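Below is one structure, written out as structure tokens; the observations come after it.
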Amino acid sequence: MIGITAYGAYVPRLRLSRQAIVEANSWFNPGIRGLAKGERSICNWDEDSLTMAVEAGRDCFAGTAPADLKAIYLASTTLPFQDRQNAGVLATALNLGEDMMTMDVTASQRAGTSGLINALNALAGQGGQTLYVAAEKRRTKSSGTHELLYGDGAAALTLGRDGVIAEFVAAHQVATDFVDHYRGGNEDFDYNWEERWIRDEGYFKIVPRALAGLFEKTGVKAADIDHFVMPTVMRPVPGRIAKKAGIPDGAVRDNLHGVMGESGTAHALVMLVDALQDASPGQNVLLVGWGQGCDVLLFRTTDALAGVDGRQGVKGFLARRKEETNYNRYLSFNHLVTQDRGIRAELDKQTALSTLYRKKEMLTGFVGGKCSRCGTVQYPKSNVCVNPNCGAFRTQEDHPFANIPAKIQSWTADNLTYTPDPPQHFGMVVFEEGGRLMSDLTDVDVGGVDVGMPMRMVFRIKEHDDQRGFTKYFWKAAPDHTRQ
Amino acid sequence: MASGIKDKVAILGMGCSKFGERWDMEAEDLIVEAYEECLEDAGIETSRIDAAWFSTAIEEAHVGKSGVPLSVALRLPYIPVTRVENYCASGTESFRGAVYAVASGAADIALAAGVEKLKDTGYGGLPQRNRGVLQSMYWANASAPGSFAQLASAYREKHGVDAGELKRAMAQISVKSHANGAKNPRAHLRKEIDIDTVLNAPMIAEPLGLFDCCGVSDGAAAAIVTTPEIARSLGKTDLVTVKALQLAVSNGVEASHNSWDGSYFMTTRKAAERAYKEAGIEKPRDEISMFECHDCFSITELVTMEDLYLSDEGKAWRDVLDGFYDADGQIPCQIDGGLKCFGHPIGASGLRMLYEMYSQILGRAGDRQLDNPVHGMTHNLGGFPHQNVSSISIVGRYDG
């Protein structure tokens, strides 16, 4: 049996109130007034598709990566690097080793599901398990409809043969160059065609073809579908397609529009994880992916589904939320406005790639050291043990820090240093097993930080080198919402 | 066992420029301003100087690297000139170099000079600087006030001090320094302030407001040192000698090992213990007449009072509120206004502190002259609480 062995997800903590978007923009575009309900997820300034992918992957592992991982896929159309394998950064951040197949899957909203079909099919020849992650930080122009409809998020699955929680039954794909929108090379934003045409000539004709192909292939009846997972920003469309196909009305999954918005390439998997969190053993889960054609995948949950625990999933991260009502902050975080950042933002931020490579486990993987003589753990590793009562030379063994619980020993909120979201909170973060780091804090609010606060480390953007187009990543401490 | 530095070296002369926003001056002009006073005080010609040490910290912002800028500014006669840098404690490093040279016998007369020209950087506070190739990849995005503000949260936690009470004691530290600075014609900031002004000032890095932070200034200071014997031979009768000169440098324990609680300076305690021993001081609270500490931020001064063993641990904030460190208190602190008001041209600051202690001991301190001070101490710190260099000097009357 091949299928899904575990799931995880990530939704950024910030939720931009749609009312705030409408209030800021309806003077210009009165047509958006009907979309003022609910909220959409938005990345913090230091989050992007790669950082969300890392968090979704960690959630999927629930603390321990499978030992037999052989492949890592990262699906997204908003990856930070066009030519530097993003899945490779993901693998390094998750400390998954180097004897591994890594690959980015991109260039279509359908990439999330197409890549998944491929990853599942490849398992037969590959053996072991696969980590499959889809993430999207959606980018739109200001004031348009899509800004209200989209959201940011990520989902992760491990795929394998043993401990399957949702068996991969079959897939069917239709590929046709139906261009409802496109994003040209080196363009920041999508260009969209008329919605009625997309609905009538696109969804209503192409999705039923794909569904028919799958049902014919498997012999499964539409009436037996328990969860119909179809992402689209056109809310009535999945219901109408389901009805026409004979899929029970109650099987149509909520597209999470009210609580996070549509997360592009990731959204089919985000909705799938949400469905798996609700599903019972023995149910049929039908997953639809859309974009220049249509993918449909059928999964059947197993008894093992009931044993999945320790994952936040979509529901856990949706529950961890902070409402954002400042539309200007969203504009700023997404580089949609030109701000006077002041002289402190002018510092040259060049990265020495040779140093980054030499220290990739330390910087990207957040691996410190443990003294083989005295057992002291420390970050970063050093030639001489930091324990004043030891001081042994060259005794440091790799010790991963990312998952060690931490707390704040001292902190400040710094208004002087440049940060995209002042004040810059940082402080001495002390790890439970020993070791410490004067660390940037993230996902914290003014007045919400105190000594002793439980923290967990998260992989985030440290800064952008705008001069050279390089994004620097490192780890920061965020409030541990599971231990508050 | 080393015999230490006590009474081996005397200060022959000192000079200090006016600190402040010296828009009309280059670094070289500031050096000359301090040196002319120093040379006149010493009563010698430049040709008598055997070796020189030159301190600047952010040299890329003004004079550039090496000993050359000092040698050129003063037309030194092809003597050894060494540029030193040790964060904000650089000034004391140039003094240490000159004093050690004389003590070793390698030089009869040596010069220490420090300068910083910070007001050509375009920044209000200290300029933003690259931390180094690897450090910039993982160090927190911290300003100087942000790094030192960490002390306050750890101190509150450790000693159970209410945030409001601590903020008030910190404010009193700045009020005291402004009162002192107002009497000092060479100080950068010469305006008295009241406690409400401090408490209500804009927040720079919680809980440090604008008036909890020292000035950033242009300035230079210099010292010429020699042996007591040579000083006497040059006609000096009232001698001020070096009683102790200590430096402690972090080794990464505070930054990476959980034995440090973040509320004090490990380095200052080590340096102070050694300095008192070197100077033969057993009860510092009774024997230190006055001191200049590195009050880059009010909270730095507060915890330093404890790290120098002048206040009991957890009690400095009470001493401050009780006026113990005021100009008319038992141990006046920052009698010249300190970094807070005299200003902080980095490479000069350690020498500026010594200049005040030297002037007070010789009775030359004008309106702010203290009554018969015996031992003056300087504490010159650089870096961050979790990784720093801390130097302590004690000077006093020579009884030999």
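Protein chains in written order, with my numbering: chain E, 69 to 552; chain R, 1372 to 1771. Each residue gets a CB set at the ideal place from its N, CA and C atoms; glycine is no exception. Model, not experiment: these values are computed from the prediction.
| Item | Value |
| --- | --- |
| Proximal residues to arginine 1500(R) (C-beta, below 8 Å), its chain only, five neighbours per side dropped | Ile1429 |
| Residue closest to phenylalanine 434(E), alpha-carbon to alpha-carbon, out of Gly252(E), Asn455(E), Asn97(E), Thr160(E) | Thr160(E) |
| Contact list for the region 1499–1518 of chain R against chain E, Cβ threshold 9 Å | Gln1499, Arg1500, Asn1501, Val1504, Leu1505, Ser1507, Met1508, Tyr1509, Trp1510, Ala1511, Asn1512, Ala1513, Ser1514, Ala1515, Pro1516, Gly1517, Ser1518 |
| Distance CB(alanine 1558(R))-CB(glycine 1414(R)) smaller than 8 Å | no |
| Separation of lysine 312(E) from alanine 291(E), as counted between CA atoms | 11 Å |
| Whole-angstrom C-beta distance between leucine 191(E) and leucine 103(E), which should lie under 8 Å | Leucine 103(E) to leucine 191(E), Cβ: 41 Å. No contact. |
| Reduced DSSP secondary structure (H/G/I, E/B, other) of alanine 1513(R) | coil |
| Serine 1388(R) versus leucine 1441(R) - alpha carbon distance | 15 Å |
| Cutoff 8 Å: serine 1761(R) Cβ touching any chain E Cβ | no |
| Coarse secondary structure for valine 122(E), derived from DSSP in three states | helix |
| Residues in the region 1560–1589 of chain R having any Cβ partner in chain E nearer than 7 Å | Met1574, Ile1575, Ala1576, Glu1577 |
| Any chain E beta carbon closer than 8 Å to tyrosine 1494(R) | yes |
| Valine 1624(R): contacting residues in chain E (beta-carbon distance under 9 Å) | Val454, Asn455, Pro456 |
| Short CB-CB distance (under 8 Å) between tryptophan 479(E) and chain R | yes |
| Of the residues Ala121(E), Arg426(E), Gln194(E), the one placed nearest leucine 147(E), counting alpha carbons only | Ala121(E) |
| Of the residues Lys138(E), Pro491(E), Glu500(E), the one placed nearest aspartate 511(E), counting alpha carbons only | Pro491(E) |
| Interfacial residues, the region 412–423 of chain E to chain R, with Cβ spacing under 8 Å | Arg412, Glu414, Leu415, Asp416, Lys417, Thr419, Ala420, Thr423 |
| Residues of its chain near threonine 181(E), where Cβ-Cβ distance is below 7 Å and the 5 sequence neighbours each way are ignored | Ala336, Leu355, Gly357, Asp363, Leu365 |
| Assigned secondary structure, phenylalanine 236(E) (DSSP; H/G/I helix, E/B strand, else coil) | strand |
| First and last residue of the uninterrupted beta strand (DSSP E) at aspartate 508(E) | 504–508 |
| Boundaries (first-last residue) of the alpha helix (DSSP H) holding serine 1465(R) | 1461–1475 |
| Contacts that glutamate 1528(R) makes with chain E (C-beta to C-beta distance below 7 Å) | Val519 |
| Alpha-carbon spacing of histidine 240(E) relative to glycine 219(E), whole angstroms | 27 Å |
| Under 9 Å (Cβ pairs) to chain E, residues found in the region 1726–1760 of chain R | Phe1755, Pro1756, His1757, Gln1758 |
| Under 8 Å between C-beta atoms of phenylalanine 1519(R) and cysteine 1712(R) | no |
| Residues bridged to valine 1455(R) [DSSP beta-bridge criterion] | Ser1426(R) |
| Within the region 1498–1584 of chain R, ranges of the beta strand (DSSP E) (whole runs, at least 3 residues) | 1574–1576 |
| Residues sharing a beta bridge with aspartate 1597(R), DSSP | Note that residue 1597(R) corresponds to threonine in the displayed sequence, not to aspartate. Partner(s): Ala1381(R), Ile1480(R). |
| Host alpha helix (DSSP H) of leucine 386(E) (start-end) | 381–387 |
| Touching by the beta-carbon criterion (3+ pairs, under 8 Å), the region 1736–1747 of chain R and the region 1620–1632 of chain R | no |
| Three-state secondary structure (DSSP) of methionine 1661(R) | strand |
| Contact set between arginine 540(E) and chain R, taken where Cβ atoms lie within less than 9 Å | The sequence given here places lysine at residue 540(E); arginine does not occur at that position. In chain order: Ser1507, Met1508. |
| DSSP bridge partner residues for glutamate 630(E) (one or two, in chain order) | Outside the shown range of chain E (69 to 552) lies residue 630(E), about which nothing can therefore be said. |
| Three-state secondary structure (DSSP) of tyrosine 1406(R) | helix |
| contact_flag[the region 1720–1733 of chain R, the region 1591–1602 of chain R] where n(CB pairs < 8 Å) is 3 or more | yes |
| Residue range of the unbroken beta strand (DSSP E) whose run includes lysine 481(E) | Note that residue 481(E) corresponds to alanine in the displayed sequence, not to lysine. 474–482 is the extent of the beta strand (DSSP E) around alanine 481(E). |
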